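Visitor: There's a structure below that I have some questions on.
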Amino acid sequence: MRVICNTSPLILLAKINRLDLLAQLYSEVIIPVSVLKEMEAKPGEEVKQIQALLQSQKFQLRKASQRALNELPPDLGVGEQEAIALALEIEADLVILDDYLGRRVAHERGLPLTGTIGVLIEARERGMISSVRRELDRLIEAGMWIDEVFYHRILKEFGE
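To get our numbering, take the position in the sequence shown, counting from 1, and add 45.
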């Protein structure tokens with residue numbers, strides 16, 4: 046499965062030391078050039094982890110064509126714009142985005158879509174993590190906001 050991953054899922058998964066899930070779940074993970082540039086603008090431990098991923102054959106750095114970028118709304122963030130453009134260009138199997146506007150545009154373009162929480166749910170369903178609750182709590186501690194009703198719905202649907 047070939048996926049495109051945006052900035053916030055990469056950073057959040059790095060913060061909870063679960064970038065390994067991307068390599069376990071997907072055969073090819075493409076990181077847009079603008080996403081890496083966004084992360085490098087705020088250097089930290091997470092960026093080092095993500096740069097290290099690019100040494101693996103499963104992870105690639107790619108740039109979308111200007112034509113594909115021009116077909117998207119200019120009010121999207123640079124990372125979201127390139128992630129969606131690349132997903133459309135290469136007909137990716139999945140795009141991983143958390144940003145609301147980016148998700149809406151990807152959905153409107155018919156792209157298969159998930160987010161950071163969706164990655165955790167898929168990992169739980171495949172037996173790669175033992176507890177969705179523990180990983181969600183770690184995401185919250187790392188700074189991700191999750192609506193309380195949504196949090197409890199996830200636990201109810203996908204187990205503790």
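Yeah, the Cβ is synthetic: ideal placement off N, Cα and C, and Gly gets one too.
In this text the structure is predicted, and so the values were computed from the model without any measurement.
Shortest alpha-carbon distance to E153 belongs to which of I162, V177, I174 and E116?
Guide: E116
Visitor: Output the distance between the C-alpha atoms of Q94 and Y196, rounded to the nearest integer angstrom.
Guide: 27 Å
Visitor: Please classify L121: does DSSP put it in a helix, a strand, or coil?
Guide: coil
Visitor: Looking only at DSSP bridge pairs, what is R107 linked to?
Guide: P77
Visitor: Per DSSP, R47 forms a beta bridge with which residues?
Guide: R47 is bridged to E73.
Visitor: Out of L133, E136, A59 and V78, point me to the one whose CA is closest to V92's CA.
Guide: A59
Visitor: Report all residues from its chain with a CB closer than 8 Å to the CB of E205; omit the five preceding and five following residues, and keep chain order.
Guide: S176, V177 and R178
Visitor: What first and last residue would you give for the alpha helix (DSSP H) that runs through I56?
Guide: T52 to K60
Visitor: Output needed for E83: all residues of its chain with C-beta closer than 7 Å, excluding positions within five of it in sequence on either side, in chain order.
Guide: T52, V123 and G124
Visitor: Expressed to the nearest angstrom, what Euclidean distance is found between the alpha-carbon atoms of V78 and E85?
Guide: 11 Å
Visitor: With I199 as the anchor, note down where its alpha helix (DSSP H) starts and where it stops.
Guide: E193 to F203
Visitor: Give the straight-line distance between the Cα atoms of A130 and E73, rounded to the nearest whole angstrom.
Guide: 17 Å
Visitor: On a CA-only basis, which of N62, Q69 and E134 is nearest S101? Give me that one, please.
Guide: Q69
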